[in-house]
Structure formats: C-alpha cells, structure tokens
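Chains as they are written, first to last, in the UniProt record's numbering: chain A, 1 to 421; chain B, 1 to 421. Glycine residues also receive a C-beta, built at the ideal position from the N, C-alpha and C atoms. To start, the structure under review is shown below, and the notes come after it.
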C-alpha cells in the first residue's frame, strides 16, 4: 500500500474505504474517506486491501520529509512563484491530532507538515512553511509558550511569510490570540484556527477551518484573527479579532463568537472570498515589531457571593490582579479595604465584568466609586481573559500601565458606546 | 403639598413636573413624572409649587404606615377579596432605590411598601403584603441572606400568599434565584425582579418589571423565576428559570438571558398576558417545603492559562470546589494531581465550563478522563454560579452529593442534547 492508493481497511468491527495518505508515524495509517475527512488507524490491528493503485496525486508528497526536529523544523514544499507564502505554525490541539482508537479518544500527534498531509485541500493555495512550537492540548498552554509562539511568528514574517496560520487547540485559543495581538505589530495576517471535532468525525471542521484560515492569511487584514466556523453549516468561517473573541459553546463548531460586536469578517468556503464588514489594519500598513516580554505574576479572580477573602491573600505581592466582578464591576464591599491594601502594596488591580457584554462603569454606584478610590482600574468592555493577558504584557511593555489598561491597544477595548440611555 | 397633588419642583438647575407621591423619608419628596417614572428630590434643596390639588388618587395611601422595623415589617394594604394576594419581598437594589442627588449616584433606600408607593401601577392587580429581608446592594448578598430570604418566602406562602415577588439587585440576582430554586418546593410562583436603570432615568425599567413580575406571580407557574425586560423596548418581560438565567450585559435593560434554552415564558406589558413556551411546574402541584441549610465552605475558581496553583491551597479542607474550566471542562494537567489530593481529602470537586453554553464532557480527551479518574464530578450544562449554589445546598441536603450534582433538581441541568453530530 502506498500513499495515493485506494484502499479498504478493516479494523475490529469497522471498515474504512478511501485514499491512503502519507502518515507521520509508523504505527498508524491515515485514510482519506469519501466525505473528505481522514481517519488514523492502528496499523498492527488493521487489515488493508489495495483496491486501486495511485488513484490520487498527493501534492508535494515527495518533498515531505519525516517529522522535523528542533534544529530542522522548517521546510518548504512545492514552491510556486505565483503563490503567496504562508507559514503554518502548529501548537497542537484537535486540528493537529488523529484518533487513538485504542482508547476511543483523541491524542495530539501531528506537526504542521502532518496537517498539510492530512488536509490535501490546502494544496495549490499557497507555498507553505511549517513550524512546530508545541504539541500540547491547549489547556496546557502557558505564558512562556505565548512568548515562544510570538518569536516564531515574528521570525517567519521576517523571513518573508505573506501570512501565518497558527493551528491551536480551541480551549485556550482566545488567550493565545490575545497574547500575540499585544506582542506583535504585524504587516501581514496572523490567523488562529482550530477544530472542535476531530478528523475522524463526519462533522469534523478541521478541513474547512484550515482552508479558510489560509485564505484569511492571504487577505489584506494585518491583524491577529481567529478563523472558525461561522455557523452550524459548512458555508462560512467567521473572522474574529483576537482580543474580542470567546469560545462560547463547549462543543458546537460555531462555538467562537466576537463579544460586543459583529465578527470582523467572513470567509466563504465555496467561493474562497474573504469579506470584511468593519475597518481593520491593512497589509503592510505597519512595520513588523516584537515585544514579547510578559509579567508572569498576574492572576484572575472571579467574584461570586460567599467568596473566601483568603483568595486575595494568594495575590499578595503579585504584580497584577484581574477581578471578574458582578454587573457593572462590583465585589462585596468588605473586600474593598483589602483591595486598597493590595494596590498600596504595588499590585495593579483591574476590574472587568462576568456579564461579558457591556462595559464596567464604577462611577454609578457607591461600591464602584469606593473601588475607584481604592485604586482599582476600569477595563471598559475588555474581556476578563484578554484583560489578564494585556496586564501581563502592559506591566513589562508600558510606561504607564494604568493608562494602557484604559486605552485600546489592539481592539480589545471598544469605543465607548452611548452610555445608558 | 400633599400626595396626589400636581406639583412643580425646582432643584438646582433641574425642574420636575408631576404628581407628588407619598415618600418614605422626611428628607426626600417623590414626584411621579408624565413618563410614568418617579424621581426623588432632596426636600431641603427644592422649591415646590402646587399646580393643582388632589389630581391623582393614591391607592391605599391611608393604610401605608411608616417604615417597618424588624418586629413589624408585615402589613396588608386595601384588601380586596376578588384579588390574589402577592407578597413583595424587598432585599434592596436599584428597584428599591432612589436617587441620591448629592453624589449623583444611587443608594438603596426603600422597603417593599415604599416600592408599592413608588409604583402606583401595581395597585389594583393584587392585595399586597410587604416584607423586608435586607436593604443591600446585591454585590453584598451572602449565603446566610439566601437562607433568611427562603425562610421569609416560605412563611409568606404558608400564610396564604398566592405568589411572591422578590425585589433584588441585578448583580447577584441569578445566584439568589438559584438558591431559592433549591431551597424551596413551592406551590406558587416566586418571581425575582429588579431594575437595570434607576427610577430617575427616563429609561427606567422598574415600573414595567415590577408590574410584569406581579402578573407572573399570579400565573400558573409554580417555579422560581426571574422576570426582567425581554427586549430593549417596553413591550415584553422574559421569564427565566432561576437556575438557568444569567446577567449577560452590564447595563442593557434586557441584560438577563436564559443560557442554553429559550426563556420559559413572557409577560406582555400592554395586555398583561403571561405566556409559557415550555413545560413548567404547575400551581399547587407540589406541597410547600423548605430545606435551606447550606454548606458555606464552597468555592468557585475560574481557570485561566498561567493560574497560580496556590489558589488550590486556599481550598484545602473546604467542603466543595466548583472549577470553571476551559472548553469541555479542562484545566492544566499539572493541577490534576492536586485536585486528586483535594478529592481524597474530602473536598467535592465539580467541573463546569467557562464557555457557558454547552455541557462539559470529560470523556473525550485525555485531560478529561484524567480529571474523572481524579474524582472530579461533571456538572453537565449547569452554569458555574448555579453549580456553586447547588453544591452548597447538596452538601447539606443530599444523601448522595455526587448523584445530586449530576442530576437536575430544579431545571439547572438540562436533558442531554444530541451529542456531537
């Protein structure tokens, strides 16, 4: 059996028929099924019958090498002078994973080149470069990896990439997209994409999301974007600004939403058209710049009735604290003197709202005014998670952190809406 | 000047013209303006001109006494045998507040009888009883007050109330509504309402919300409901199940939404019609029962990338912990051994998702399975805040807490939706 052959694979009580694809491991074979999705099957436990040889040309397969290692994780595949160059950066997650049939669940396994192999539909749209920054489930993403990711993306743009696609797990994609939004000034698009359903599922979104992300990375919008399904259908992906996006559903393919605004744009899967509905940073309008220092010692606390004040003791001596308060941005008034101590002690304390929509406004009620007097800053309508990432960044990169937290640096704080009436 | 007179009030550079209402304080006079909303004006600083005497009959004003005190905070007003009896329970918040013109902001000031005075539109719809449980801003609401509130509501229903309206600040209304949902089995409606805009604002929602809440309290739905504006217009209020509702906008009047479902029903302000779209507990279907013991030592922690594991040390020895995890319900895998220790140590640990929509499903990915093996329970699609309240309740009132947290007790955990495909 060779890549490109039409095969039938029997494993336990399941049968798959499709085209064999190159696999990144010796343990598994990968079969592209009729519906366009791919399955990985444990080679030892499978019986394979070749139905027809060489029915499908696997683009660039000759130039696809083995898994890259730390010293050699960049390669170019089938270079075409007429096409833009897009770098695929892999961090892991469902989009870069295949099915582990032993346990019935999903483990991360692919690097960027494997993704390209697994998504033949990407071929012909661009010249690709592949970089692997991590191979983790996104719940394990940590601030130092945001820094590394920003460095790699910076290197790739410096090396001439016309756009970057970051393959990322969906669980913490919004945090990483925020981090890169603050760390990089970019003359080209940086597009995060991922997958809510793994490649072995008929409803997998990995092919369409990857294809649309590449189209967005070729577009004129030089911002950090998140590109994920825009509806339950396979028609359009939505393009969200990295600092305003939120995973709002655990499992739906269109789980990602722009909070407090319409998405910045859409990518039509059928026509490959990228449309923008609002203003954006245009390609080449800014020079490339990297500022990826982060203050790690910043925490986020969500206030709920009955919260143990001892959580604030953990923050003592920390550089920063994001509070996710109730409503317009409140906490129990008993906590305010403690917050005042933290501020006096040098901790930058910033208020956001667990409402998600709307802006904190601490001047209306007594509690809010007391919070302001205690030195707590207002983050407007900045999302709590984005505010945490921003504060980590601002503490290392801003001369005036208070001013920075109350100013929009990367679209995270929207223009004041008409207040109240 | 007497209540019912048409008056013009000049204060500083503002002039109000309307009908004088009874005021609960000597310091302020209250004027009902043409638009239907009321303003409170500092009496000392105001010049008052009576334009016409006795133009408006204030229902029940003769029987309205002074502010109730702790020993005498229940009274009945203008009893009509043909009308149902509704108890108004006041806890404070914007709906029970008037404007403090000295500071330009809002301070809580009214008790339930004051609300009735301030909202003459409530007259003629029911016989009212008034109870004051607290006069706090809702960010200061605490679990012991939920217990007291449940006790008072129980007393009122036992005494013959055909429905109860709870006036509550909007910031933590969802938590209190959840608490009463678990604490009370009720044969009559218990309807929370509040106000996003104070009575002095042309856009105030206090009159319509109070009127619709009274209509809902007269309805056939014997559940704990939240009744707030259903749109930006003054046309309908939405009725939300107390355990599925969330304040999703900081300032909009229609800030409250049912998460993961349509609202249970609506109240049409014009026609006074209460409509239900889904099944509900019918009036008198259940006997009245109170179970308001709570375990206070339950915390909620929201996981974000880079979270300090020291927050888990605060939880050591606690009875319960609600985790607000990423996506399907994940945290950094480094935290799992620590969670396992907490569980072994007797802490009930329950996973929810910060996505808000959708259910946690810890069986799909390795991290999730590891969490389950560590003894972490899944809360399905229970909202994180509701899960905290429920765990506080279940630890005192359930023989099998794990079973309780994975079963719907008051509509908080919805039927499993079609998984995945």
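For chain B, check one thing: does any of its Cβ atoms lie closer than 8 Å to the Cβ of residue i?
i, result
"residue 102 (chain A)", "For residue 102 (chain A), the pLDDT reaches just 33, beneath the cut-off of 50, and the residue's location in the model is therefore unreliable, although a value from the coordinates is still provided. Not an interface residue."
"residue 252 (chain A)", "yes"
"residue 305 (chain A)", "yes"
"residue 314 (chain A)", "yes"
"residue 229 (chain A)", "no"
"residue 9 (chain A)", "no"
"residue 386 (chain A)", "no"
"residue 320 (chain A)", "no"
"residue 172 (chain A)", "yes"
"residue 421 (chain A)", "Here the model assigns residue 421 (chain A) a pLDDT of 28, short of 50, so the residue's position is not dependable, and the following value carries that caveat. Yes, because at least one Cβ of chain B sits closer than 8 Å to the Cβ of residue 421 (chain A)."
"residue 412 (chain A)", "no"
"residue 192 (chain A)", "no"
"residue 308 (chain A)", "yes"
"residue 137 (chain A)", "yes"
"residue 16 (chain A)", "no"
"residue 296 (chain A)", "yes"
"residue 238 (chain A)", "no"
"residue 302 (chain A)", "yes"
"residue 148 (chain A)", "no"
"residue 395 (chain A)", "no"
"residue 276 (chain A)", "no"
"residue 311 (chain A)", "yes"
Restricting to Cα atoms, I'd like to know which of the options is closest to residue i.
i, options, result
"residue 272 (chain A)", "A:213, A:313, A:330, A:325", "A:213"
"residue 139 (chain B)", "A:161, A:354, A:252", "A:354"
"residue 9 (chain B)", "B:244, B:31, B:134, B:407", "B:31"
"residue 125 (chain A)", "A:153, A:163, A:92", "A:163"
"residue 179 (chain B)", "B:82, B:195, B:135, B:294", "B:294"
"residue 324 (chain B)", "A:230, A:135, A:45, A:302", "A:302"
"residue 220 (chain A)", "A:291, A:85, A:274", "A:274"
"residue 46 (chain B)", "B:15, B:122, B:21", "B:15"
"residue 198 (chain A)", "A:318, A:247, A:149, A:252", "A:252"
"residue 55 (chain A)", "A:91, A:312, A:6, A:191", "A:6"
"residue 481 (chain B)", "B:193, B:241, B:201", "Absent from the structure is residue 481 (chain B), since the part of chain B shown begins at 1 and ends at 421."
"residue 377 (chain B)", "B:412, B:341, B:331, B:322", "B:322"
"residue 171 (chain B)", "B:147, B:226, B:201", "B:226"
"residue 244 (chain A)", "A:209, A:167, A:181", "A:181"
Please confirm if residue i has its CB atom under 8 Å from at least one CB of chain A.
i, result
"residue 141 (chain B)", "yes"
"residue 390 (chain B)", "no"
"residue 359 (chain B)", "yes"
"residue 248 (chain B)", "yes"
"residue 221 (chain B)", "no"
"residue 182 (chain B)", "no"
"residue 175 (chain B)", "yes"
"residue 256 (chain B)", "no"
"residue 339 (chain B)", "no"
"residue 299 (chain B)", "yes"
"residue 290 (chain B)", "no"
"residue 29 (chain B)", "no"
"residue 356 (chain B)", "yes"
Should residue i be labelled buried (16 or more other beta-carbon atoms within 10 Å of its own) or exposed?
i, result
"residue 2 (chain A)", "exposed"
"residue 289 (chain A)", "exposed"
"residue 231 (chain A)", "exposed"
"residue 309 (chain B)", "exposed"
"residue 344 (chain B)", "exposed"
"residue 270 (chain B)", "exposed"
"residue 346 (chain A)", "exposed"
"residue 37 (chain B)", "Note that residue 37 (chain B) scores 48 on pLDDT, short of 50, meaning its location in the model is unreliable; the coordinates nonetheless yield the value given after this. Under this definition residue 37 (chain B) is a buried residue."
"residue 120 (chain B)", "buried"
"residue 79 (chain B)", "exposed"
Hey, is residue i close to the ligand FAD, as in C-beta under 7 Å from one of its heavy atoms?
i, result
"residue 246 (chain B)", "As far as ligands go, the structure on display features none, and thus does not contain the ligand FAD."
Could you name the residues of the segment 341-353 of chain B whose beta carbon sits closer than 9 Å to any beta carbon of chain A, in the order they occur along the chain?
Flagged, chain order: 353.
Residues within the segment 365-387 of chain A neighbouring chain B, beta-carbon criterion of under 9 Å:
Residues 365, 366, 367, 368, 369, 381, 384, 385.
At a CB distance below 8 Å, what residues from the segment 320-334 of chain B approach chain A? Give them in sequence order.
The segment 320-334 of chain B vs chain A, Cβ under 8 Å: 324, 325, 326, 327, 328, 329, 330, 331, 332, 333, 334.
In chain order, each beta strand (DSSP E) run of at least 3 residues that lies wholly inside the segment 309-360 of chain B
Segments of the beta strand (DSSP E) lying fully in the segment 309-360 of chain B: 320-325, 348-353.
What runs of the alpha helix (DSSP H), each 4 residues or longer, lie entirely inside the segment 117-174 of chain B?
The segment 117-174 of chain B is shown to contain whole alpha helix (DSSP H) runs of 4 or more residues at 143-158, in chain order.
Residues within the segment 39-51 of chain A neighbouring chain B, beta-carbon criterion of under 9 Å:
Listed by position along the chain: nothing, the set is empty.
Runs of alpha helix (DSSP H) wholly within the segment 381-421 of chain B (minimum 4 residues, chain order):
If we require 4 residues or more, the alpha helix (DSSP H) runs fully inside the segment 381-421 of chain B come out as 384-397, 401-405.
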